[in-house]
Amino acid sequence: MSITRMTTPLSAGDGRLKVLWLDDTIDRIAPWAGAALDFEPWFSLVYATHPKDVTELIDDATSRCAPTDGRQPLYDLEGAPFDAYLVDFRLCDKIDDGCMLEEHLEAGLHAPSAGLLVGILTALRWPRHPQALVPYSGYDEEFGQIWRLARQFCPPIISVLWDDSVTKGTRDQKSLLKLLPIQCRIALGNAVRSAEVVMPLKERDRWETLLTDNAGQTIPAEEKIWLFTESGARPYLVGALFHDALDELNRTVPAEDIEAWISTLPVADPIERQARRLAEFYWKLRWNEVSQDVYSVVRALKQDVEVPGLQPHPPSYPWLCSWKSKGDGRDTSVQRIRLAILFLFLREHEDRIRHRRRHAEVPDEIRRLLEVIRDDDRDIEELLGDLENSARLDGCLERYHNLIADFLNFLESGALADPIRDIVAGRELDVAEVDIVRLVDPFPAAWDSPLSLDESTKVGKGLTRLAIEDVPSLNMKDLLAGDGSSLTPAEFLCARRFARELMPSEEDWPHWLRSAGPPQTD
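First residue of the sequence shown? That's 60 in the numbering used here, and the numbers climb one at a time after it.
Spelled out as structure tokens, the structure:
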């Protein structure tokens, strides 16, 4: 048994493909180990000679993500799961000579297609991680019944090269390695189609511009394609993902090869793009300072609080559902608005999740002090003076001074952008009807705007009109309760793509999005 690392380990953000090579005869690979350095810029190669080696690599797998300044953590999985597996069908070359080694028998090394089985079973440990598998053999009979049976059941996100011409006699090691990127692209493409992996819209736009500017030319092999997976944001070096088309001398890849692959990724629906941009526009309006002040007044008035100097009408702007076309363009307009509302909902949900985590890191004493300051109408200096006097009378003045010092350090740390405002208990709660109203109508036309989705209100009535032929109206109340049955399969898939972009872990997704999705239509 032996595990040999032929190149340096993958580091966060370096963009290489992780490859596990399983072959029982180390002598077959060892002379080639020096040439492996040629692949150092593109592959992170690990060589194993025994299934127990693979088990050890699986046991060492750690699901971690490197922190970043953005929302998405950076993919930082050094070992298993691998991106690709290069496996020898036969894991004992002495079978034909009557090998009876007890250790081989106990490990099942004499099983037909043993290497293929190890590769597939290993990949299936991570059924939602895009993985590629290239089996090879020097014996025609290895491409037999097990090979044919496995082909029928292997999930599309695990791409296996089902080609019985891949033998040790017809391909050298370099040729075998060049087969891996092709299968990796197939696996990634299938993962994108199922929304397990997404290419962010900004990245898609960047590449479309880059490819347009370099039409008919080449792209530097060091350029990266960024994809979002459930394990974080992951870059792929063009020279790795398109290594089969790599010009090694000039370190470039034909732009047409990259464009052909990207064009197969289903994130180019113009309605989805328009909806994303529409949602981003209204998201910025919702967080506009004027909009927040308007809704502060709306809440105050609903609590019978007098607001001096109130103008007859608040600053107004057309709400989201008012942007509907008529005639032939109506259905497209409705689809765009429905998606925009879903994207806004997910934006708000992700914002709550993020705030909840930040708040969890706030020390309890500082949280309580923030709440006292928030709920007290007195001048902060006066309030702190009263608290200091109380601490002196209680004989804990030193502890009070330490608390204030910690409090000031916390404010200076910038852990919360606006701590007194951000500590509001409502930020800890799930998305509610009032939030949907604010998202789609950030500048209401009247101060007494209802914060409800009831059909008697403007927003509620507008949502009921978001229906087209054979598609029910968008039921946001049901969606808030975790029921996504009013969504179409296409809307569900778009929502999953956007959620993956915002929140890699599905544990953070709304309940309706973690379910199997709406029933498929014929």
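Heads up, the beta-carbon is just placed ideally off N, CA and C, and yes, glycines get one too.
It should be emphasised that the depicted structure is a prediction, and the values quoted were computed from it without experimental measurement.
Checklist line | Close-in-space but distant-in-sequence residues of the same chain around Y144 (CB under 6 Å, 5 per side omitted) | finding: Within the sequence shown, the letter at position 85 stands for residue 144. So the list reads L79, G178 and L192, once near-sequence residues are dropped.
Check: Going along the chain, which residues of its own chain have a beta-carbon closer than 6 Å to the beta-carbon of K383, five neighbours each way excluded?
Finding: As a working mapping, residue 383 is identified with position 324 in the sequence shown. S392, listed in sequence order.
Checklist line | Expected contact under 8 Å - CB spacing of A280 and L337 to nearest Å | finding: On the sequence shown, position 221 is the one that residue 280 refers to. On the sequence shown, position 278 is the one that residue 337 refers to. Going by Cβ atoms, the distance from A280 to L337 rounds to 37 Å, so no, they are not a contact pair.
Check: Which of helix, strand or coil does DSSP assign to T198?
Finding: Within the sequence shown, residue 198 is the residue found at index 139, counting from 1. Residue identity differs from the one stated: residue 198 is Tyr in this sequence, not Thr. In this structure, Y198 counts as coil in the three-state DSSP scheme.
Note to self: If you measure between the beta carbons of P140 and Q190, is that distance less than 8 Å?
What the structure shows: Position 81 of the sequence shown, counting from 1, holds the residue named residue 140. Position 131 of the sequence shown, counting from 1, holds the residue named residue 190. Yes, they are a contact pair.
Note to self: Tell me the rounded alpha-carbon separation between E318 and D82.
What the structure shows: Position 259 of the sequence shown holds residue 318. Position 23 of the sequence shown holds residue 82. Roughly 35 Å between the two C-alpha positions.
Next item on the list: Specify, as a first and last residue, the run of the beta strand (DSSP E) that G167 falls within.
Entry: Walking along the sequence shown from the start, residue 167 turns up at place 108. Neither: G167 is in no beta strand (DSSP E) and is coded neither H nor E.
Item checked: contact_flag[the region 354–364, the region 513–527] where n(CB pairs < 8 Å) is 3 or more -> no
Margin query: I'd like to confirm the pairing. Which residues does DSSP put opposite T311 in its beta bridges?
Written below: Along the sequence shown, read from residue 1 onward, the residue named residue 311 stands at position 252. Bridge partners of T311: P279 and D306.
Checklist line | DSSP bridge partner residues for I179 (one or two, in chain order) | finding: Residue numbering aside, residue 179 sits at position 120 when the sequence shown is read from its first letter. DSSP lists no partner for I179.
Next item on the list: Taking only the alpha-carbon atoms, compute the straight-line gap between K536 and L510 and give it to the nearest angstrom.
Entry: Residue 536 sits at position 477 when you count from the first residue of the sequence shown. Residue 510 sits at position 451 when you count from the first residue of the sequence shown. Those two C-alpha atoms are separated by around 13 Å.
Item checked: CB contact flag (V146, G167, <8 Å) -> If you number the sequence shown from 1, residue 146 lands on position 87. If you number the sequence shown from 1, residue 167 lands on position 108. Contact: no.
Next item on the list: Determine the direct distance from the alpha carbon of W320 to that of A292, and round the result to whole angstroms.
Entry: In the sequence shown, the residue the question calls residue 292 occupies position 233. In the sequence shown, the residue the question calls residue 320 occupies position 261. Computed Cα separation, rounded: 19 Å.
Check: Do three or more CB pairs link the region 302–311 to the region 250–264 at distances below 8 Å?
Finding: no
Check: Sorry if obvious, but does the Cβ on N468 come closer than 7 Å to a heavy atom of the ligand NAP?
Finding: Of the ligands one can find in the structure shown there are none, so the ligand NAP has no counterpart to examine.
Next item on the list: Could you check the C-alpha separation between T63 and L235 for me, to the nearest Å?
Entry: As a position in the sequence shown, residue 63 is number 4, starting the count at 1. As a position in the sequence shown, residue 235 is number 176, starting the count at 1. Near 18 Å, if we compare the C-alpha coordinates of L235 and T63.
Margin query: Give me the residue from K237, E407, A491 and G275 with the minimum Cα distance to D513.
Written below: Here residue 513 refers to the residue found at position 454 when the sequence shown is read from its first residue. When only C-alpha atoms are compared, the closest one is A491.
Item checked: DSSP-derived helix/strand/coil call for S61 -> To locate residue 61, count along the sequence shown from 1; it is residue 2. If DSSP states are grouped into helix, strand and coil, S61 belongs with coil.
Checklist line | Sequence-distant residues of the same chain with beta carbon closer than 6 Å to V483, five excluded per side | finding: Walking along the sequence shown from the start, residue 483 turns up at place 424. Low confidence applies here, because V483 scores a pLDDT of 48, under 50, leaving its location unreliable; read the following figure in that light. Once the five neighbours on either side are set aside, V483 has no close Cβ partner at all.
Checklist line | Which of helix, strand or coil DSSP assigns to P256 | finding: Here residue 256 refers to the residue found at position 197 of the sequence shown. Per the sequence shown, the amino acid found at residue 256 is Val instead of Pro. If DSSP states are grouped into helix, strand and coil, V256 belongs with coil.
Checklist line | 8 Å Cβ cutoff, I330 in contact with chain C | finding: The structure shown has no chain C; it contains just one protein chain.
Note to self: Just list the residues that DSSP pairs W506 with in beta bridges.
What the structure shows: Taking the sequence shown and counting its residues from 1, the one referred to as residue 506 is at position 447. For W506, which the question treats as bridged, DSSP gives no partner whatsoever.
Next item on the list: For G291, write down the residues that DSSP places opposite it in a beta bridge.
Entry: The residue labelled residue 291 in the question sits at position 232 within the sequence shown. Answer is T288.
Notebook entry, point to check: Just how far apart, CA to CA, sit D567 and H414?
Noted result: Here residue 567 refers to the residue found at position 508 when the sequence shown is read from its first residue. Here residue 414 refers to the residue found at position 355 when the sequence shown is read from its first residue. So the two alpha carbons sit approximately 13 Å from each other.
Checklist line | Candidates Y459, R345, E307 and H188: closest to E99 by CA position | finding: The sequence position of residue 99 within the sequence shown is 40, counting from 1. It is E307.
Next item on the list: Say whether the region 453–463 touches the region 364–375, bearing in mind that this needs 3 or more beta-carbon pairs closer than 8 Å, one atom from each stretch.
Entry: no
Next item on the list: Have a look at P132 and D507 and give me their C-alpha separation to the nearest angstrom.
Entry: If you number the sequence shown from 1, residue 132 lands on position 73. If you number the sequence shown from 1, residue 507 lands on position 448. Straight-line Cα distance between these residues: approximately 42 Å.
Notebook entry, point to check: Does DSSP put S218 in a helix, in a strand, or in coil?
Noted result: Looking up residue 218 in the sequence shown gives position 159. S218: strand per DSSP, three-state reduction.
Next item on the list: Grab me the residues of P569's own chain with a C-beta within less than 6 Å of its C-beta, minus the 5 sequence neighbours each way, in chain order.
Entry: Indexing the sequence shown from 1 puts residue 569 at position 510. Once the five neighbours on either side are set aside, the close Cβ partners of P569 are H408.
Notebook entry, point to check: Buried or exposed: C151, going by 16 or more other Cβ atoms within 10 Å of its Cβ?
Noted result: Stepping through the sequence shown from its first residue, residue 151 is reached at position 92. Buried: at least 16 other Cβ atoms inside 10 Å.
Notebook entry, point to check: DSSP state of A107, grouped into three classes?
Noted result: Here residue 107 refers to the residue found at position 48 when the sequence shown is read from its first residue. Strand, per DSSP.
Notebook entry, point to check: Whole alpha helix (DSSP H) runs in the region 325–377 with 4 or more residues, listed along the chain?
Noted result: 329–345 and 348–361
Check: Going by C-alpha distance, which of N273, R244 and F404 is nearest D500?
Finding: For the purposes of this step, residue 500 is identified with residue 441 of the sequence shown, where counting begins at 1. Nearest of N273, R244 and F404 to D500, Cα basis: F404.
Next item on the list: Please report the Cβ distance between V353 and F502, rounded to the nearest whole angstrom; I am assuming they are in contact, meaning their Cβ atoms lie under 8 Å.
Entry: Position 294 of the sequence shown, counted from the start, is the residue given in the question as residue 353. Position 443 of the sequence shown, counted from the start, is the residue given in the question as residue 502. Yes, V353 and F502 are in contact; Cβ-Cβ is about 7 Å, under 8 Å.
Check: Which ranges does the alpha helix (DSSP H) cover as unbroken runs of at least 4 residues, wholly within the region 514–547, from first to last along the chain?
Finding: 517–523 and 535–539
Next item on the list: For my contact list, I205 and S172 are in at a C-beta cut-off of 8 Å; report their separation, rounded to the angstrom.
Entry: Numbered from 1 along the sequence shown, position 146 holds the residue referred to as residue 205. Numbered from 1 along the sequence shown, position 113 holds the residue referred to as residue 172. About 4 Å separates the two Cβ atoms, so the contact holds.
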